[in-house]
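Taking it in order: structure first as structure tokens, then the write-up.
Residue numbers (the working numbering): 828 to 1045.
In structure tokens form, the structure reads like this:
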């Protein structure tokens, strides 16, 4: 964990502890101290809980970067340690979520990358927000992508708003890639026409300059 992904880290830790069958200390509170009157089952549970608790804390500390780990207080209880980490990084998660949401809603397609890359970047931002507990509905994401387009995609946006069926992100990406190719081809054709027009103009001026001047006979 690097300090800005607690939600994702916590989910992964719980998954790995469950797979390793070491999540007992996460599921149950610390058992009472063993006495002579304790049953065999109680003694067995106590031993298993202690092992789960010790290894769970070790695993969690191992997955936190050193710069952050050194600032965390010691804890001898898995649930308590997890709560300490959560409280420490909850603010960082909120701050990162705000930054990502601002990026998602204000990002603009400026043509410096391909359209499919632009859509992928915005999709990745939405995925990061989901990892922080903020799920972005797919159709909201589609609208954010449409809002990020340059004015030359205006007719495309109008078309989308008039059709009855709504596209998912993959469908939108495919249609935008086609529109990008069409606009590029259109721009190339326009440049070709301008170039040809300039050549004809220069050719005409050259002919005029080359024509000899006629002098009236005296």
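Don't be surprised by glycine CBs; every beta carbon is placed ideally from N, CA and C.
All values derive from a computational prediction rather than experimental measurement.
Reduced DSSP secondary structure (H/G/I, E/B, other) of residue i
| i | result |
| --- | --- |
| residue 901 | coil |
| residue 993 | coil |
| residue 942 | helix |
| residue 911 | helix |
| residue 960 | coil |
| residue 1019 | Note that residue 1019 scores 47 on pLDDT, short of 50, meaning its location in the model is unreliable and no value can be drawn from it. |
Residue nearest to residue i in terms of C-alpha spacing, selected from the options
| i | options | result |
| --- | --- | --- |
| residue 914 | 837, 1009, 1002 | 837 |
| residue 942 | 862, 857, 869, 1010 | 1010 |
| residue 953 | 929, 976, 939, 938 | 929 |
| residue 904 | 856, 896, 866, 917 | 856 |
| residue 852 | 973, 997, 950, 908 | 908 |
| residue 925 | 940, 894, 959 | 959 |
CA-to-CA distance, residue j to residue i, given in whole angstroms
| i | j | result |
| --- | --- | --- |
| residue 945 | residue 936 | 7 Å |
| residue 927 | residue 849 | 34 Å |
| residue 873 | residue 881 | 12 Å |
| residue 968 | residue 870 | 54 Å |
| residue 862 | residue 868 | 13 Å |
| residue 844 | residue 993 | 41 Å |
| residue 963 | residue 859 | 44 Å |
| residue 986 | residue 906 | 53 Å |
Supposed close pair residue i, residue j - CB separation, criterion 8 Å
| i | j | result |
| --- | --- | --- |
| residue 983 | residue 1006 | 5 Å |
| residue 919 | residue 911 | Going by Cβ atoms, the distance from residue 919 to residue 911 rounds to 14 Å, so no, they are not a contact pair. |
Residue i, buried or exposed, once every other Cβ within 10 Å from all chains shown has been counted against 16
| i | result |
| --- | --- |
| residue 1045 | In this prediction, residue 1045 scores a pLDDT of 41, lower than 50, which makes its location untrustworthy; the coordinate-derived value is nonetheless stated afterwards. Per the 10 Å Cβ criterion, exposed. |
| residue 955 | buried |
| residue 922 | exposed |
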